[in-house]
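See structure below.
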Amino acid sequence: MEFFTELEKIIQLQNYNDKITQSKKFINDFRENKLEFNHSSNILSFSPSYSGFCKIVKPQNVPRRRGFETDLKKATLIHAIVHIEYSAIDLAFDACYRFRNMPIEYYKDWIEVADDEIRHFEMLNSLLNQVGYKYGDIVVHNSLWEAAEKTSTLIERMAVVPRWLEANGLDANEQIIEKLKNYKNNEIASKLIDILHVILEEEIPHVAKGDKWFKWVCAKENKEPHVVYFEILHKVYNNISKKAHINVKARKKAGFSCVEIKSLARNEVECD
């Protein structure tokens, strides 16, 4: 079996149960050195694999995630995070598929990320099922996959997906946990908090892997990381908003410099 050919099949699978099953087999085969690499094979463009069972709308048309009192409010929040984690599986695999002739450590890193994202998805999807909903019951946006489509080079992909989108998740995760603590006697809230703690701890190494390979390219191309980082963000998003809340501790663990953190923050932050 060939590494990129198998990835091509998995990324395009539109049944999420089949995708998870095939992904686990692929990861096991990779770790047991059962896959060959043909770096010269054609590289395809993909549509989002959830388009067959999710209705995709503009980000402003996704339901607001306010409160946690009713099953629908619970499902709205959980479904949004389920969608992020499912998208992250394809993004990790696409990072492997799209960028060829990299050191084997690169592929090991993103296979490890995909493995974590699968586990996160399964935990959250199970919780979503407990409140009477399934993935696809609530509309989603396509921003994560669009980010992949806009980043055709490795340095852009590493800057935008792990170092921007996933790093933003480090900030948001912390805030969601704090809000959920207001529902102390809510079993689903308690379970979601436990899952989010796991995700937060495991997403830091994911961002760090992106940081490592972003800086790897910067070193090869003799570029200053914090300068090119913001150049890429402005190229992809035209204008980026300063962040009202920023998880300084998590971002520093993931490789962000204090210069970058202070540049991202709306308000003054302590970072040294």
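In my numbering, the protein residues as written are 43 to 314.
Ideal Cβ placement from N, Cα and C applies to all residues, glycine included.
Everything numeric in this text was worked out from a predicted model, so none of it was measured.
Span separating the alpha-carbon of residue i from that of residue j
i           : j           : result
residue 112 : residue 239 : 23 angstroms
residue 157 : residue 206 : 21 angstroms
residue 296 : residue 172 : 33 angstroms
residue 145 : residue 162 : 27 angstroms
residue 179 : residue 264 : 47 angstroms
residue 276 : residue 294 : 22 angstroms
residue 76  : residue 310 : 51 angstroms
residue 210 : residue 266 : 22 angstroms
residue 96  : residue 119 : 16 angstroms
residue 167 : residue 52  : 19 angstroms
residue 86  : residue 312 : 44 angstroms
residue 204 : residue 226 : 32 angstroms
residue 301 : residue 287 : 16 angstroms
Option in the options with minimal Cα separation from residue i
i           : options               : result
residue 114 : 76, 169 and 80        : 169
residue 106 : 88, 86 and 181        : 181
residue 93  : 177, 313 and 289      : 177
residue 103 : 164, 183, 57 and 148  : 183
residue 290 : 191, 231, 166 and 216 : 216
residue 99  : 280, 122, 88 and 108  : 122
residue 316 : 166, 130, 46 and 74   : Residue coverage of the chain in this structure runs from 43 to 314, which leaves residue 316 outside it and unanswerable.
residue 58  : 150, 74, 91 and 83    : 91
residue 188 : 151, 136 and 43       : 136
Within-8 angstroms CB hit, residue i to chain D
i           : result
residue 229 : Absent here is chain D; the protein component of the structure consists of one chain.
C-beta contact flag for residue i and residue j at 8 angstroms
i           : j           : result
residue 219 : residue 235 : yes
residue 186 : residue 133 : yes
residue 285 : residue 213 : yes
residue 141 : residue 201 : no
residue 138 : residue 49  : yes
residue 246 : residue 292 : yes
residue 228 : residue 45  : no
>> Ignoring anything shorter than 4 residues, give me the alpha helix (DSSP H) runs that lie fully in the stretch 172 to 196, in order along the chain.
In response: 185 to 191
> Which ranges would you report for the alpha helix (DSSP H) in the stretch 74 to 121 if only whole runs of at least 4 residues count?
Replying inline: none
> Fully enclosed by the stretch 232 to 282, which beta strand (DSSP E) runs are 3 residues long or longer?
Replying inline: none
> Is the stretch 248 to 255 touching the stretch 148 to 157 in the sense that three or more CB pairs, one from each, lie closer than 8 angstroms?
Replying inline: yes
> Can you list, in chain order, the stretches of the beta strand (DSSP E) that have 3 or more residues and sit fully within the stretch 134 to 158?
Replying inline: none
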